[in-house]
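K.L.:
Convert by adding 296 to the 1-based position in the sequence shown; the result is the number in this note's numbering.
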Amino acid sequence: MASRRQFFQMMLGSFSFLLPRYFRSPSSAAATSIFNPAAVAPEKYWEFVREQFPQPKDEVFFNNGTLGAMPTPVVEKVVDSLQELNRTIARWDYRPNHPRWFTGYAPENEIREKMARIVHCDVEELALTQNATMGMNEIAMGLDLQPGDEVIQTDQEHPGGSCGWLVREKRHGIVYKTVKIPVPPNDPGEIIQRFADALTPKTRVLAIPHITSALGTILPVKEIVQMYKQRGAFTVIDGAQAVGQIPVDVKDLGCDAYFSSPHKWLLAPAGNGLLYVNKESAPNIWTILASSQWDNQKDPGYRLQQRGTGSLPLLIGLGAAADFFFSIGPERWLSRIKELGDRLRAGLQKIDGVEIYSSVHPKMCAGMTTYRVTTWKAAAMQDFFWEKRKMRPRAINDRLGVRHSVHIYHSEAEIDAALEVVQEMAATPAPKSP
Ligand SMILES: Cc1ncc(COP(=O)(O)O)c(C=O)c1O
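Structure representation (structure tokens):
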């Protein structure tokens, strides 16, 4: 049987730059690939991936829908570059060939290129922002709208996807409308029909999530976008929960704009965001956060990332998160999330007394499942998970229960153990509320 050391050596190789410092060794360079799944059985491979995360093995983090756990190589990149930046600060001479040491002014094309590859657009269409909220605001505040113009959202928006439109309603008299998404949402056709019914001659904007926040529903965005675009609406998609959870191809979706928070499913450091604006649609968006590039119409992504001085190490961490994603492979990463999500949902469906509010339609669900043991309150469910197995899903509210996000750092055994906890909960009288 291979020793732990041999095992790591077998897995080490061309991606070793991504590894935590303590895994690196001179001999590792000769090995094939760190993330070479062909070398081991699948669960062994995922065990190795889990080794890249520093959380104690007996603590299971299931709240990735809020903030992802960062892999150690990503954290190390941030820390190392912060130290390097500080150590070499006196060498900064403002010459073009000097290693960059601050951000907010440079286009950061290398990192934009990685993000553009993940969502499938051109570099000039991609702006590095700070999070989804900022992307939403850049569009909601940057678009010319007249009093009476209608903006359509769902009734399940996160404030970071909706509040800019509410400001416009109060400030400029636009009409804010929502389409009700059924709970649970298991019929994409019904949802498409509801959006068709909401269209009017005054509809100017469609602004909906790719994946909803509380229930993790994958909406039939492509069909809805197509319908609204045919009627001349500007379409913007909130992909805060989508990038790194499901495949995202903005060109295939056909939307005008798309924004996300890579600190969730792409496991990047918080403080990073991305905003895509289609080249043809970009002239419709005014710069609202303006600095030297505010009128750069040739590179609209650069124009929309005028943040002033910010943290280069955090941005480098975003690049490292993208490298980590590519080194595992988008297909393998995204399928693993889907498989673990399906495993959880299949198990939950077998437990009496559990109601699932998320979709179980194969095309409408991936890594997030929101459910309740009907006799229990959400906070009590969350506490029970921690008391029994140090597991941390997120309590949503007493109507919806807990939201359970699964990611590549989970094992099948952890999903099964979570199901045992739910089983026990369902067989136990709910604790009295304090
Ligand atoms: C669908 C959706 N949109 C927007 C946001 C806001 O993200 P952020 O706080 O990173 O800007 C969230 C956060 O959970 C979300 O789930």
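Backbone N, C-alpha and C fix where the C-beta goes; we use that ideal spot for every residue, glycine too. Please read these numbers as outputs of a predicted model, since none were measured by experiment.
#1: Can residue 505 be considered in contact with ligand 1, in the sense that its beta carbon sits closer than 7 Å to one or more heavy atoms?
#2: Whose C-alpha, out of 645, 624, 724 and 641, is nearest the C-alpha of residue 343?
#3: Taking only the alpha-carbon atoms, compute the straight-line gap between residue 465 and residue 499 and give it to the nearest angstrom.
#4: Are the stretch 442–454 and the stretch 462–477 touching by the rule of at least three beta carbon pairs closer than 8 Å?
#5: My understanding is that residue 504 touches residue 470, with C-beta atoms under 8 Å, so please give their C-beta distance in whole angstroms.
#6: Among 601, 630 and 611, which residue has its Cα nearest to the Cα of residue 433?
#7: Using 8 Å as the threshold, is the C-beta distance between residue 447 and residue 501 below it?
#8: For residue 659, name the three-state secondary structure that DSSP assigns.
#9: Kindly examine ligand 1 and report whether one of its heavy atoms sits closer than 7 Å to the Cβ of residue 534.
#10: If we count Cβ pairs, one from each stretch, closer than 8 Å, do we get three or more for the stretch 374–393 versus the stretch 585–605?
#11: Using CA atoms only, rank isn't needed, just tell me which of 485, 521, 702 and 621 is closest to residue 547.
#12: Could you tell me which of 716, 719 and 702 sits nearest to residue 360, measuring between CA atoms?
#13: Three-state secondary structure (DSSP) at residue 505?
#14: Excluding the 5 residues preceding and the 5 following residue 693 in the sequence, name in chain order all residues of the same chain whose CB lies nearer than 7 Å to its CB.
#15: Rounded to whole angstroms, how far is the Cβ of residue 562 from the Cβ of residue 621, which I believe are closer than 8 Å?
#16: Looking at the strands, I want to know which residues DSSP matches up with residue 606.
#17: With H, G and I counted as helix, E and B as strand and the rest as coil, what does DSSP make of residue 728?
#18: What first and last residue would you give for the alpha helix (DSSP H) that runs through residue 450?
#19: Please work out which residues of its chain come closer than 7 Å, Cβ to Cβ, to residue 566, disregarding the five sequence neighbours upstream and downstream, and give them in chain order.
#20: Helix, strand or coil for residue 326? Go by DSSP, reduced to three states.
#21: Assign residue 659 to buried or exposed, taking buried as 16 or more other Cβ atoms, counted over all protein chains shown, within 10 Å of its Cβ.
#22: Give every residue of the same chain whose Cβ lies closer than 7 Å to the Cβ of residue 732, excluding the five residues on either side of it in the sequence, and list them in chain order.
#23: Which residues in the same chain have their Cβ closer than 6 Å to the Cβ of residue 538, if we skip the five residues on either side of it in sequence?
#24: Does the beta-carbon of residue 264, which I'm using as the reference point, lie nearer than 7 Å to any heavy atom of ligand 1?
#25: Can you find a heavy atom of ligand 1 that lies under 7 Å from the Cβ of residue 457?
#26: In the DSSP assignment, find the beta strand (DSSP E) that holds residue 530 and state where it starts and stops.
#27: Run through DSSP, which three-state label would residue 569 get?
#28: Could one say the Cβ of residue 503 lies closer than 8 Å to chain D's Cβ atoms, at least one of them?
#29: Can you have a look at residue 599 and say buried or exposed, based on whether 16 or more other CB atoms are within 10 angstroms of its CB?
#30: DSSP state of residue 538, grouped into three classes?
#31: Between residue 657 and residue 478, is the Cβ-Cβ spacing less than 8 Å?
#32: Taking the runs of the beta strand (DSSP E) that are 3 residues or longer, which of them lie wholly in the stretch 658–729?
#33: Going by DSSP, what residue range makes up the beta strand (DSSP E) through residue 420?
#34: May I have the straight-line CA-CA distance separating residue 440 from residue 425, to the nearest angstrom?
#35: Buried or exposed for residue 723, going by 16 or more other Cβ atoms inside 10 Å?
#36: Can you tell me whether residue 439 is helix, strand or coil according to DSSP?
P.N.:
Put simply:
#1: Within the sequence shown, the letter at position 209 stands for residue 505. Yes.
#2: Residue 343 sits at position 47 when you count from the first residue of the sequence shown. It is 624.
#3: Locating residue 465 in the sequence shown gives position 169, where the first residue counts as 1. Locating residue 499 in the sequence shown gives position 203, where the first residue counts as 1. The alpha-carbon atoms of residue 465 and residue 499 are separated by roughly 14 Å.
#4: yes
#5: On the sequence shown, position 208 is the one that residue 504 refers to. On the sequence shown, position 174 is the one that residue 470 refers to. 16 Å between Cβ atoms; not a contact.
#6: In the sequence shown, the residue the question calls residue 433 occupies position 137. For residue 433, the nearest C-alpha among the options comes from 601.
#7: By one-based count along the sequence shown, residue 447 stands at place 151. By one-based count along the sequence shown, residue 501 stands at place 205. In this structure, residue 501 lies closer than 8 Å to residue 447 by Cβ.
#8: Here residue 659 refers to the residue found at position 363 of the sequence shown. Three-state result, residue 659: coil.
#9: Indexing the sequence shown from 1 puts residue 534 at position 238. Because some heavy atom of ligand 1 lies under 7 Å away, the Cβ of residue 534 counts as near it: yes.
#10: no
#11: Position 251 of the sequence shown holds residue 547. For the residues 485, 521, 702 and 621, the minimum Cα distance to residue 547 belongs to 521.
#12: Start at 1 with the first residue of the sequence shown, and residue 360 comes out as number 64. Nearest option by C-alpha distance: 702.
#13: Indexing the sequence shown from 1 puts residue 505 at position 209. Correct three-state label for residue 505: strand.
#14: Reading the sequence shown from its first residue, position 397 is the one you call residue 693. Closer than 7 Å at Cβ, skipping near neighbours: 674.
#15: Locating residue 562 in the sequence shown gives position 266, where the first residue counts as 1. Locating residue 621 in the sequence shown gives position 325, where the first residue counts as 1. Contact flag correct, Cβ pair sits at about 6 Å.
#16: Here residue 606 is taken as the residue at index 310 of the sequence shown, counted from 1. According to DSSP, which records beta bridges pairwise, residue 606 is partnered with 399.
#17: Looking up residue 728 in the sequence shown gives position 432. Note: residue 728 maps to coil in three-state DSSP.
#18: Counting from 1 along the sequence shown, the entry for residue 450 is found at position 154. Careful: residue 450 lies outside any alpha helix (DSSP H), inside the beta strand (DSSP E) at 446–450.
#19: Along the sequence shown, one-based indexing puts residue 566 at 270. So the list reads 363 and 559, once near-sequence residues are dropped.
#20: The residue you call residue 326 lines up with position 30 of the sequence shown. For residue 326, the pLDDT reaches just 30, beneath the cut-off of 50, and the residue's location in the model is therefore unreliable, although a value from the coordinates is still provided. DSSP places residue 326 in helix when its eight states are reduced to three.
#21: To locate residue 659, count along the sequence shown from 1; it is residue 363. By the 10 Å Cβ count, residue 659 comes out exposed.
#22: Summary: the structure shown does not reach residue 732, with the chain confined to residues 297 through 730, and so no result is reported for it.
#23: By one-based count along the sequence shown, residue 538 stands at place 242. If we look at residue 538 and ignore the five residues flanking it on each side, its Cβ neighbours are 506, 507 and 544.
#24: Residue 264 is absent from the model: the chain starts at 297 and stops at 730.
#25: Along the sequence shown, one-based indexing puts residue 457 at 161. At least one heavy atom of ligand 1 is nearer than 7 Å to the Cβ of residue 457, so yes.
#26: Reading the sequence shown from its first residue, position 234 is the one you call residue 530. 530–534 is the span of the beta strand (DSSP E), which, as asked, contains residue 530.
#27: Counted from its first residue, the sequence shown places residue 569 at position 273. In the structure shown, residue 569 sits in a strand (DSSP, three-state: E or B).
#28: Considering every chain present, this structure includes no chain D. It has just one protein chain.
#29: If you number the sequence shown from 1, residue 599 lands on position 303. Buried, by the Cβ-count rule.
#30: Residue numbering aside, residue 538 sits at position 242 when the sequence shown is read from its first letter. Coil at residue 538, not helix or strand.
#31: Against the sequence shown, residue 657 aligns to sequence position 361. Against the sequence shown, residue 478 aligns to sequence position 182. No. Outside cutoff.
#32: 664–669, 690–693 and 697–701
#33: Walking along the sequence shown from the start, residue 420 turns up at place 124. Counting along the chain, residue 420 falls outside any beta strand (DSSP E), and DSSP gives it neither H nor E.
#34: Residue mapping note: residue 440 aligns to position 144 of the sequence shown, counting from 1. Residue mapping note: residue 425 aligns to position 129 of the sequence shown, counting from 1. Taking the straight line joining both Cα atoms gives about 21 Å.
#35: To locate residue 723, count along the sequence shown from 1; it is residue 427. Counting Cβ neighbours within 10 Å, residue 723 comes out exposed, since fewer than 16 surround it.
#36: The count along the sequence shown starts at 1 and reaches residue 439 at position 143. Residue 439: strand per DSSP, three-state reduction.
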